[in-house]
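FYI, the numbering for the sequence shown is 387 to 862, going by the numbering used here.
Everything below concerns the one structure shown next.
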Amino acid sequence: MSEERKTRKHPMDYLPKEEVARYHVIAISAVLSAMLIIIFYFCVERYEGLKVALDDINKVLQPVLMGFAMAYLMNPIMKFIESKVYGIGDYIEKKTGYAFGEKVKKAVRTIASVLAVAILIAVVAAFLSMVIPQFVKTINELVRNIHAKVGGVLDWVDEITGYRFKDELVAARKSQNIDKAIDKGIEMGRRYLNVENNNQLVSFLTALGVNVGHFFVNLVIGIFVAVYTLGSKEKLKAVFKKSIYALFPQKAANEVVITVRKANEIFYGFIIGKIIDSIIIGILCYFAMLLFGFPYALVCSAIIGVTNVIPVFGPYIGAVPTVALIFVTNPMQGIYYLLFVLVLQQIDGNVIGPKILGDSTGISPFLVLVAIVVGGGMFGVIGMLLGVPTMALMVYIVGRIFNHLIKGRGLPTGTMRYENLDYVDLGGNTIVEKKDKQKASQTKSLVTKICSRLFSFGKKEQSDASKPDTKDTTKQ
387 MSEERKTRKH PMDYLPKEEV ARYHVIAISA VLSAMLIIIF YFCVERYEGL
437 KVALDDINKV LQPVLMGFAM AYLMNPIMKF IESKVYGIGD YIEKKTGYAF
487 GEKVKKAVRT IASVLAVAIL IAVVAAFLSM VIPQFVKTIN ELVRNIHAKV
537 GGVLDWVDEI TGYRFKDELV AARKSQNIDK AIDKGIEMGR RYLNVENNNQ
587 LVSFLTALGV NVGHFFVNLV IGIFVAVYTL GSKEKLKAVF KKSIYALFPQ
637 KAANEVVITV RKANEIFYGF IIGKIIDSII IGILCYFAML LFGFPYALVC
687 SAIIGVTNVI PVFGPYIGAV PTVALIFVTN PMQGIYYLLF VLVLQQIDGN
737 VIGPKILGDS TGISPFLVLV AIVVGGGMFG VIGMLLGVPT MALMVYIVGR
787 IFNHLIKGRG LPTGTMRYEN LDYVDLGGNT IVEKKDKQKA SQTKSLVTKI
837 CSRLFSFGKK EQSDASKPDT KDTTKQ
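Given below as structure tokens:
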């Protein structure tokens, strides 16, 4: 009996090897799909707990992430410094025959990485040292002269309405509603910051000081991480590639390396391009405001430049407070400034942005909007900035998967080949396109069909009414 069991074949043994492999792929795909569904359900069901856990991880890894971000942004500057130093080294080698050794190259890399990070810190510090004092001065001036500025706005409204509402505006100025509105705004601000009394204000300022201290500690650690990352980036790349080929089969590892390389291309092109674009817009805004005589040029141009980093919504986010600031100071200048900002954003969206960014993402405007809304809702400003390249990477990965699957079926991978597809000929496995008449009839809209039937029905009634009654004439 035991020998019969040993010699008895499994039902799968009677199937061809191709069929067995196909069933294995189906089984593995089903298991992986079930696992992904369970993970997705867990993430949705435990979203708050997962968010808290991610926040805790982010706090621990914040200095490392800051260091990686600084290294990522400063890599081109480090390469530029290295190229200049190596150019001098080549010149020295031609003249004297002395070539840089490994120790000299390591020293050049260390110095270049330190200089790159130092340049980043110096630029940010210079920007903040110029903007923050002007920003504080502007806020103080606005708070001190808020009543006079509101009165100026009321005078302007009185003037443009032809003094038809003079009594009402005079009464509004004399009333206490403005003071109440200002006090209400201050109260809302205190409530938002959770500082209802002086004790809470002291606690808030203490917590703010602690957070600022933590930030600077993380910044210092991040600087060391950035310098180390830039100094040993080739070694880190080698470790990453070795790990990928150790963990995955060669074909899958190749796909991972290609995808990571594409991700670097997408993120780097988008982020660096967006930063350069925002710097150009901020500088143009500053000099144009000086040229046209708008007030608060430095503060407004800084806000416009910084918020311009956020795709789509950034220009409007920056326009709202700056327009309000200038409008309160001078209403007519506020209107002119609004028109100026709209023109500037059109120039950026149609001329400057496409020249710098090009087609770095390669996704439709609808997907850009979805990426910004979802990324901003989940991760705030950082999500709004990184949502677009993340969506572009997801589209790229899904596209490669679909192209691989459809190529395995012997069909073309070009998307536009399927625009006029009628069906796929199973015999030759070729695409059969629609005929012109069929295409025209199928693309006709439902409204057109209904209208044509209504009109033809009316014409039919008219033709029937115009025909003579042949039955009556024959009877007569």
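The beta-carbon is built from N, C-alpha and C at its ideal position, and this holds for glycine as well.
Alpha carbon of residue i to alpha carbon of residue j, nearest angstrom
| i | j | result |
| --- | --- | --- |
| N815 | I792 | 12 angstroms |
| K492 | G617 | 8 angstroms |
| M456 | I658 | 12 angstroms |
| V774 | G761 | 8 angstroms |
| K331 | R495 | As shown, the chain starts at 387 and ends at 862. That puts residue 331 outside it, with no answer to give. |
| V714 | G720 | 8 angstroms |
| F426 | V643 | 26 angstroms |
| A615 | V510 | According to the sequence displayed, residue 615 carries Thr and not Ala. Taking the straight line from one Cα to the other gives about 20 angstroms. |
| V330 | I412 | One cannot answer for residue 330 here, as it falls past the ends of the chain, which runs 387 to 862. |
| Y722 | P701 | 17 angstroms |
| N789 | T801 | 10 angstroms |
| I730 | Q520 | Here residue 730 is Leu; the residue named in the question, Ile, does not match the sequence. About 23 angstroms. |
| A498 | V611 | 15 angstroms |
| D808 | E819 | 5 angstroms |
| I738 | I669 | 13 angstroms |
| E805 | I817 | 11 angstroms |
| A420 | I414 | 10 angstroms |
| M764 | F601 | 22 angstroms |
| K627 | L797 | 33 angstroms |
| L728 | Y672 | 15 angstroms |
| V603 | P740 | 39 angstroms |
| E620 | L528 | 52 angstroms |
| K480 | K470 | 16 angstroms |
| A508 | N526 | 27 angstroms |
| A416 | L422 | 10 angstroms |
| L594 | N736 | 41 angstroms |
| G435 | A674 | 49 angstroms |
| K648 | V781 | 12 angstroms |
| A439 | M516 | 38 angstroms |
| T860 | D811 | Residue placement at T860 is poorly supported in this model, since its pLDDT is 41, which falls under 50; the coordinates are not used for a value here. |
| F454 | K660 | 19 angstroms |
| D441 | I703 | 26 angstroms |
| G813 | G794 | 16 angstroms |
Boundaries of the alpha helix (DSSP H) in which residue i is found, first to last residue
| i | result |
| --- | --- |
| V727 | 717-733 |
| T816 | Here T816 belongs to no alpha helix (DSSP H); instead the beta strand (DSSP E) covers 816-819. |
| T693 | 683-693 |
| F765 | 751-794 |
| T801 | First-last for T801: undefined, no H or E at that position. |
| A485 | A485 -> no alpha helix (DSSP H), and no H or E assigned at all. |
| N640 | 636-678 |
| V625 | 619-633 |
| I742 | 739-743 |
Residue i - containing beta strand (DSSP E), residue span
| i | result |
| --- | --- |
| Y809 | 807-811 |
Close-in-space but distant-in-sequence residues of the same chain around residue i (CB under 6 angstroms, 5 per side omitted)
| i | result |
| --- | --- |
| T524 | Y682, V685 |
| G766 | none |
| S664 | G691, N694, V695 |
| T708 | C686, I689 |
| D734 | I667 |
| V598 | none |
| S388 | In this predicted model, S388 has a pLDDT of only 49, less than 50, meaning its place in the structure is not dependable; the value taken from the coordinates is given anyway. Hits under 6 angstroms: none found. |
| L724 | V709 |
| V639 | It is Ala, not Val, that sits at residue 639 in the sequence shown. Closer than 6 angstroms at Cβ, skipping near neighbours: I630, Y631. |
Close Cβ partners of residue i (< 8 angstroms) along its chain, the five nearest in sequence each way excluded
| i | result |
| --- | --- |
| L605 | P449, M452 |
| F867 | Nothing about residue 867 can be read from this structure; the chain reaches only from 387 to 862. |
| Y654 | Y458 |
| E468 | V494, R495, A498 |
| K623 | none |
| I758 | I696, P697, V698, F699, M770, G773, V774 |
| Y472 | F486, V494 |
| N444 | L451 |
Cβ-Cβ separation, residue j to residue i (assumed contact under 8 angstroms), whole Å
| i | j | result |
| --- | --- | --- |
| L893 | I652 | There is no way to answer for residue 893, as the model of the chain reaches only from 387 to 862. |
| L506 | M460 | 5 angstroms |
| G475 | F486 | 5 angstroms |
| L755 | V698 | 6 angstroms |
| V500 | V613 | 6 angstroms |
Neighbourhood of residue i by C-beta, 7 angstroms cutoff - its chain only, sequence neighbours within 5 removed
| i | result |
| --- | --- |
| K437 | none |
| G769 | G761, G762 |
| Y484 | I478 |
| T645 | I783 |
| L771 | V695, I696 |
| S827 | Low confidence applies to S827: its pLDDT is 47, below 50, so where it sits in the model is not reliable, and the reading given next is rough at best. So the list is empty, once near-sequence residues are dropped. |
| I749 | M777, A778, V781 |
Within-7 angstroms CB hit, residue i to chain C
| i | result |
| --- | --- |
| R647 | Among the chains of the structure shown, chain C does not appear; only one protein chain is present. |
Legend entry - alpha helix (DSSP H) runs wholly inside the stretch 409-490, at least 4 long, in chain order: Here the runs fully enclosed are 433-482.
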